[in-house]
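Quick note: the sequence shown uses the UniProt record's numbering, first residue 1, plus one each step.
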Amino acid sequence: MTRLIYDQFTKQYIQELLKQLGATETSKTMASERREIDIFFTPRPENTASASNLGLLGKLATTPAVFEPFSNPVKPREIRSCLVKLLDMKAQWERQATREKRRLAPGESPRLWILTPTVSPAILADFGATVDLENWMSGVYFLPKGLESAMTACSLNMCNNEYL
1 MTRLIYDQFT KQYIQELLKQ LGATETSKTM ASERREIDIF FTPRPENTAS ASNLGLLGKL
61 ATTPAVFEPF SNPVKPREIR SCLVKLLDMK AQWERQATRE KRRLAPGESP RLWILTPTVS
121 PAILADFGAT VDLENWMSGV YFLPKGLESA MTACSLNMCN NEYL
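The following block contains the structure:
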């Protein structure tokens with residue numbers, strides 16, 4: 001349902017422009033499948049200091065987090081599925097905050113951590129993943145900032161005592 005007259009006009013205008021190129025639908029209902037998050041973590045503030053005992057895992061667990069571990073190298077469709085779960089969760093949190101008439105504080109919203117044995121350079125490039133070696137060890141790849149997501153190639157870090 002369109003709430004603003006401008007939105008309705010824009011939909012009709014774009015639909016009219018695209019009509020000559022193909023079929024268009026407005027306000028298409030999406031039937032979403034039931035999804036499960038593998039691990040949802042909410043840190044307790046009093047335990048922040050002891051998080052360092054867990055190495056990289058402890059560092060990942062300093063903020064609310066969605067952990068999606070994979071035993072085989074992650075595939076693009078699996079990454080997209082993880083992102084959809086995270087974005088659905090974030091939308092739910094934002095709606096709840098709106099109902100409560102408050103704003104989400106920075107760091108209150110969960111970050112996605114995809115744990116995979118390895119990840120190919122092609123997949124990293126396709127998802128715009130970058131490293132931050134000043135703050136993180138090698139093998140941790142950050143997706144674009146707005147997605148609040150990262151992948152960690154566990155096999156690159158397993159030999160490192162900082163991992164776990």
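In this text, a Cβ means the ideal position worked out from N, Cα and C, and glycines have one as well. Quantities reported herein were computed from a predicted structural model and do not represent experimental measurements.
- Item | Straight-line Cα distance separating residue 79 from residue 129 | When rounded, the distance between both Cα atoms is 12 Å.
- Item | Buried or exposed by the 16-neighbour rule on C-beta atoms within 10 Å, applied to residue 66 | Residue 66 comes out buried.
- Going by the beta-carbon positions, is the gap between residue 63 and residue 43 smaller than 8 Å? With a cutoff of 8 Å on beta-carbon distance, residue 63 and residue 43 are scored as near each other.
- Helix, strand or coil: how does DSSP classify residue 151 here? Reduced to three states, the DSSP call for residue 151 is strand.
- Let me know the beta strand (DSSP E) ranges lying completely inside the stretch 76-121, each 3 residues or longer, listed in chain order. Counting only runs of 3 or more, we get 111-116.
- Query: Are residue 104 and residue 152 closer than 8 Å when you measure CB to CB?
  - Reply: No.
- Pull up the distance between the alpha-carbon of residue 58 and that of residue 27, whole angstroms please. Straight-line Cα distance between these residues: approximately 43 Å.
- Task: Could you check if residue 148 is buried or exposed, using at least 16 other CB atoms within 10 Å of its CB as the buried criterion?
- Result: Under this definition residue 148 is a buried residue.
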